Structure formats: structure tokens, C-alpha cells
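Inspection log for the structure reproduced underneath, given as C-alpha cells.
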Ligand SMILES: Nc1ncnc2c1ncn2[C@@H]1O[C@H](COP(=O)(O)OP(=O)(O)OP(=O)(O)O)[C@@H](O)[C@H]1O
Ligand SMILES: [Mg+2]
């Protein structure tokens with residue numbers, strides 16, 4: 001433990017660099033996951049039998065992907081990339097694997113949130129002459145925002161933890177300490193790596209709780225409700 | 227004016243929800259769609275703004291076939307209020323009311339002015355309510371906002387599906403009364419869905435009674451009560467139709483608009499002598515401002531006291547009340563003469579039990595003669 005502290009004191013810039021690398025990886029992965037997950041979630045929340053079938057399939061596949069152990073998922077991504085003759089080490093495969101992980105909470109929460117909007121509210125909007133896109137942007141999305149944000153939070157926190165594995169395929173980040181420590185039997189490095197991951201995980205959880213409250217429309221906040 | 231022409235609805239699962247329904251609602255009338263649960267009221271109503279596609283037949287608004295209009299345009303010109311109210315929880319009361327004006331591209335100033343007007347009309351001071359969220363309102367206030375919202379862009383046609391449904395009976399009666407007063411001024415053409423016969427009789431200029439998808443009888447409330455066209459109507463109306471008829475008449479229609487009065491500080495003896503001379507048993511006590519403050523029976527007037535000391539508490543019927551409210555006041559106070567007052571409790575006349583009996587007898591005849 002004291003050795004771990006030594007690393008922090010003597011080489012803070014290394015820890016900072018790895019942390020930034022870690023966050024960058026998480027940021028890119030979650031950014032891509034939002035860009036894919038939210039529109040896809042909106043799309044599959046549409047009504048109709050065909051849409052429902054698509055929704056069931058998409059959610060099923062995403063759920064399965066979540067159950068694959070993370071190390072195995074990184075392995076799969078590497079295997080697929082190398083079979084396509086693409087670089088299978090470094091940042092790109094790590095990001096792809098993380099996006100797959102980050103996807104499900106965002107996708108599922110978007111889908112459930114939009115599905116969960118009170119039908120009476122949607123009907124009164126439609127009955128007053130809102131077009132489908134007006135309904136989406138003025139009614140459904142604002143009401144779904146808190147739940148979508150909760151999904152994003154789950155996603156970010158999970159990705160922060162899983163990104164520690166990315167170092168195994170040479171993508172850097174805080175996992176780098178862990179990998180190095182494991183190889184050299186240095187407990188201090190392992191502790192620096194894993195404690196840092198835990199700390200930024202908790203920090204982001206708290207931070208995003210704040211953001212969640214902040215983006216929740218005022219009329220929906222609990223303090224207003226009573 | 228709105229006209230349904232042989233309209234039918236078959237849902238994709240084969241349910242025949244509405245079968246060959248035709249009727250017409252003239253401008254400025256309130257038509258109640260009435261009938262047991264599942265008889266097709268909501269379906270009929272939603273076909274008018276095309277929330278539900280028509281299977282067969284046509285619906286015309288002011289002579290124009292709704293099937294040929296742009297769907298959203300059509301809906302923006304029809305006020306729409308539903309039982310679950312469906313207020314937008316993320317918008318303030320003001321923003322909710324401005325929904326259709328926004329869709330129609332009104333300017334900010336016009337919109338704000340309209341929202342304030344409507345809140346005023348609903349008896350909700352804009353300063354207090356405009357910036358509140360639906361979650362901060364009581365059930366009754368939410369219903370009022372729902373009604374205000376459907377009046378948002380001043381449409382001439384309103385569709386209302388049990389707009390006072392989700393609410394306690396006392397507030398409901400009050401909202402019904404308030405709404406009728408507003409309607410007297412606005413004269414909108416309204417389709418109003420309910421399964422409550424009392425509400426139908428009280429609110430409707432006409433009632434369209436439906437059963438199992440078909441229109442069973444279309445007519446005034448009195449016609450339905452006193453000239454049911456078949457057994458279904460008769461049983462739906464119920465054996466106590468005389469009592470229900472009480473809802474058809476208002477105090478102002480049958481009251482006597484003069485009343486013998488006395489001042490609070492007159493001597494009991496003098497008043498009693500006057501009453502004996504004129505042969506009356508009851509009179510109203512009014513203050514200098516003409517406000518009703520109590521009633522006296524001739525037999526109570528004795529001794530050297532003033533009228534004020536012997537008068538009974540001021541049981542009075544509001545001039546706009548329907549007769550069943552007046553009767554319950556009579557039963558409650560044990561009087562068979564009630565003072566009739568306006569909003570400021572100014573005395574306008576008296577209502578006697580005999581007058582009510584006479585009026586009901588006439589109403590029954592009228593319905594049967596028609
Ligand atoms: N989307 C639908 N698909 C199939 N059947 C439907 C659908 N909506 C309504 N129905 C059926 O159509 C019939 C009429 O329904 P509707 O909602 O018009 O009744 P209602 O008179 O408004 O009843 P309530 O007083 O209970 O609101 C019912 O038998 C109902 O089950
Ligand atoms: Mg209904």
C-alpha cells in the first residue's frame with residue numbers, strides 16, 4: 001500500500017496520463033454508443049407488429065452481447081478484425097468492444113422510456129394536431145430524458161470498469177498499471193490501477209446523477225411533485 | 227355543424243364497434259354521446275378527428291368531408307379533451323394551454339394573452355397558475371386546464387371524452403355547472419361523451435343514446451326521458467325518470483320573481499300583522515343592500531322582538547341551480563319555500579315546492595306530447 005502511494009507521489013504525471021487515456025476511451029465509446037443507441041432505441045419503440053419484432057430481436061442481441069464475459073468479447077473483436085485484415089491491437093478494437101458494452105443500457109432505456117410515456121399524453125398531443133415528429137421532439141423525448149440519462153450513467157460507469165481490460169490488447173488506460181503489475185508481481189501497481197478505476201467510476205456516478213437531475217424537465221422533478 | 231353519415235367502424239380484430247350511425251349536430255349545440263361501457267361512444271368521437279380511421283361512411287364538418295382534409299390541420303381546428311386529461315407534465319399550465327396556438331403559429335404575445343384569458347375564464351387567476359406544473363395542481367384544477375387547453379385556439383367544434391370523469395362527484399357537479407355557463411357564452415358545437423345519464427341530462431341540448439355500436443335514440447333529454455323509443459332506452463333511462471327530469475329545469479325557469487320581504491330590525495309584531503293581512507306564511511329578510519340574510523315563518527313572529535332575532539338561517543337556492551339541487555336544499559332545511567339568490571346573495575325571488583311539482587307535471591306532458 002505504501003508503495004502504491006509512492007508511485008502516486010513520485011510519478012503523478014504517469015497516473016494522470018493513464019487516467020486521461022482511460023477517460024478518452026470511455027468518452028469515445030459512450031459517445032458512439034449514444035449516437036447509435038438513442039436513435040435506434042427511438043426507432044424500435046415505434047408501433048406496429050413489424051417494429052415490435054425488430055425491437056425484440058435488437059434487444060435480445062444486445063442482451064446476449066452483455067452476457068459475454070468482457071475478456072472474451074475483446075477476444076472476439078480482435079479475432080474478427082484480424083480475419084478482416086484490420087489492425088487487431090490498440091485503440092480501435094478496444095473502442096469497438098466498449099461500444100458494444102455501452103450500447104445496451106442506452107438502447108434499452110431509450111426504448112423503455114419512450115414506450116413508457118403515458119398513452120393518454122401521446123393521444124392528447126396527436127388529437128391536438130401534432131405531427132409524429134412534433135410528438136417525438138416536444139413530448140416523447142422530453143419525457144424520456146431522465147430515463148435515457150439513467151441508462152447513459154449505467155453505461156458510463158460500466159464502461160469505466162470494463163475499459164481496464166483494454167490494456168490487455170494494448171489500448172492503454174488505467175488497465176496498463178494492472179497489466180504491468182500482474183506481469184511483474186507488483187502489488188503496488190495493481191492497487192494504483194484498480195483503485196483509480198474505482199474512484200473515477202464513483203466520481204462519474206455521482207456527477208452523472210447531478211446531470212440527470214439537471215436535464216430532467218422541471219415539471220417531472222420529485223420536488224415539484226410534492 | 228357536424229354530420230355523421232352512415233358511419234361504421236370495424237377494428238382489425240373484427241370488432242364491430244360502430245354500426246351505421248348517422249346524426250347531425252347544429253352549430254352551437256352540445257350533443258351528448260351516451261350509452262353503456264363499450265357501446266362505441268369513444269370510437270364514434272375519435273372518428274370525427276380521425277384519430278381512428280372510418281371503415282365506412284362519411285363525416286362532414288360545415289359541409290366539408292373530413293376524409294379529404296389534412297389530418298393535422300383538421301385536428302388543430304377541433305378542440306380535444308379526454309378523460310385522462312393528458313396534460314403535458316413537462317410543460318407549465320400556460321404552455322399546455324398554448325399547445326395548439328403554437329402549432330398554428332400564433333405570435334408569442336397573442337398566445338400569452340389567450341392563455342391568460344382562458345385561465346381567467348376557468349376561474350384560475352393567471353398570476354397564480356400560469357407557471358405552475360400539472361403535478362402541482364389538484365384534480366379539479368387539472369380538469370379545468372384540460373378544458374382551457376381544448377379551447378386554446380378558439381375552435382368552433384369541441385370533442386370531449388368524459389372530461390369530468392376522473393374526479394370526485396362534488397367537484398364534478400361544480401365543473402359541469404361552470405362549463406355550462408361558459409358554453410352559454412361561447413356557443414361552441416360540442417360532442418360530449420359520457421356514460422352518466424345524470425351528466426347527459428344536465429349537459430345535453432341533444433342526447434345520442436348508443437347501444438352495441440348502434441344509435442338507439444337521438445333527441446332532447448326530455449324526449450329520452452318521457453318518450454323512450456324502445457325498451458332499451460326505457461331501462462337505460464330508469465324508472466325514476468321523474469327524478470331525473472329535475473335536472474332539466476333550472477331554478478330561474480320556475481321561480482316567482484317577486485318575494486315578500488322584511489327588514490332585519492322591523493318589529494316582529496308589525497311584520498306578523500302584515501303577513502296575516504296578505505295571507506302569507508313565509509317571507510325573506512333582506513338587508514339594506516338587498517342581500518338575503520334569513521327567512522321568517524309567521525308562527526315564529528311573536529313577543530316584542532325584532533325580525534333579526536327570530537329569523538332562521540338563510541337557506542337559499544342559487545338562481546342557476548338545477549331543480550334537484552334546490553330540492554335537496556329544501557329537504558335539508560325542512561322548508562318548502564326557498565329564497566332564490568344570485569352570486570352576491572341578492573334576493574331575486576322565491577321557489578316553492580308546489581311550483582316544482584307543477585313544472586315537473588308539465589315537463590312530463592311536454593315530453594309525451596312531442
Ligand atoms: N383498438 C381496438 N381494437 C379492437 N377493439 C376495440 C378497440 N378499441 C375499442 N374496441 C372495442 O370497440 C367497442 C367500443 O369501444 P369504445 O371505446 O368506443 O367504447 P365506449 O362506448 O367509449 O366505452 P366506455 O364507456 O367504456 O369508454 C368495445 O367493444 C371495445 O372493446
Ligand atoms: Mg370511452
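Chains as they are written, first to last, in the numbering used here: chain A, 1 to 226; chain B, 227 to 596. Each residue gets a CB set at the ideal place from its N, CA and C atoms; glycine is no exception. If you're wondering where the values come from, they're calculated on a predicted model, not measured in any experiment.
- Under the Cβ criterion of 8 angstroms, residue 325 of chain B is counted among the residues facing chain A.
- In terms of side-chain proximity, the C-beta atom of residue 268 of chain B is found nearer than 7 angstroms to a non-hydrogen atom of ligand 1.
- Burial of residue 432 of chain B is indicated by the presence of at least 16 other C-beta atoms within 10 angstroms of its C-beta.
- A direct Cα-to-Cα measurement between residue 494 of chain B and residue 541 of chain B gives close to 20 angstroms.
- Under the three-state reduction of DSSP, residue 508 of chain B is assigned to strand.
- With three or more CB-CB distances shorter than 8 angstroms, the segment 105-122 of chain A counts as touching the segment 38-48 of chain A.
- For residue 59 of chain A, there is no enclosing beta strand (DSSP E); the residue is part of the alpha helix (DSSP H) that begins and ends at 49-67.
- In the DSSP annotation of this structure, residue 101 of chain A is not part of any beta strand (DSSP E); the continuous alpha helix (DSSP H) holding it starts and ends at 91-115.
- Under the three-state reduction of DSSP output, residue 250 of chain B falls in the strand class.
- Residue 440 of chain B: member of the beta strand (DSSP E) spanning 440-445, first to last residue.
- Checking the DSSP bridge columns, you'll see residue 386 of chain B partnered with B:307 and B:418.
- For residue 25 of chain A, the enclosing alpha helix (DSSP H) starts and ends at 12-44.
- In the structure shown, the three-state DSSP call for residue 202 of chain A is helix.
- Not one heavy atom of ligand 1 lies closer than 7 angstroms to the C-beta of residue 193 of chain A.
- In terms of Cβ geometry, residue 313 of chain B and residue 368 of chain B form a close pair [threshold 8 angstroms].
- Taken through DSSP and simplified to helix, strand or coil, residue 285 of chain B comes out as strand.
- Neighbours of residue 280 of chain B in chain A, taken as residues at a C-beta separation under 8 angstroms, are lacking, since the least C-beta distance is about 16 angstroms.
- With respect to the 8 angstroms criterion, residue 62 of chain A and residue 98 of chain A are not classified as neighbours on the basis of their beta carbons.
- Residue 585 of chain B carries a helical assignment under DSSP once its states are collapsed to helix, strand and coil.
- Closer than 7 angstroms to some heavy atom of ligand 1: that describes the Cβ of residue 239 of chain B.
- Under the three-state reduction of DSSP, residue 159 of chain A is assigned to helix.
- For residue 433 of chain B, the enclosing beta strand (DSSP E) covers residues 432-437.
- Shown here for residue 196 of chain A: same chain residues with a beta carbon closer than 7 angstroms to its own, the five before and five after excluded, namely 15, 19 and 174 in chain order.
- When the alpha-carbon of residue 47 of chain A is set against those of A:132, A:143 and A:209, the nearest one is in A:132.
- Taking 4 residues as the shortest admissible run, the segment 347-380 of chain B contains the following complete alpha helix (DSSP H) segments, listed from N- to C-terminal end: 352-355 and 365-376.
- Per DSSP, the continuous beta strand (DSSP E) segment holding residue 520 of chain B begins and ends at 518-523.
- For residue 259 of chain B, there is no enclosing alpha helix (DSSP H); the residue is part of the beta strand (DSSP E) that begins and ends at 256-260.
- Taking a 10 Å sphere around the C-beta of residue 108 of chain A, we find 16 or more other C-beta atoms and assign the residue as buried.
- Apart from sequence neighbours up to five positions away, the residues of its chain that approach residue 212 of chain A with a beta-carbon distance below 8 angstroms are 146, 149, 150 and 153, ordered along the chain.
- In this structure, DSSP gives residue 325 of chain B a helical state, which the three-state scheme calls helix.
- Nearest CB-CB separation between residue 352 of chain B and chain A: not below the 8 angstroms threshold.
- Residue 231 of chain B has B:284 as its beta-bridge partners, per DSSP.
- Its Cα nearest to that of residue 122 of chain A, the residue B:277 stands out among B:406, B:475, B:290 and B:277.
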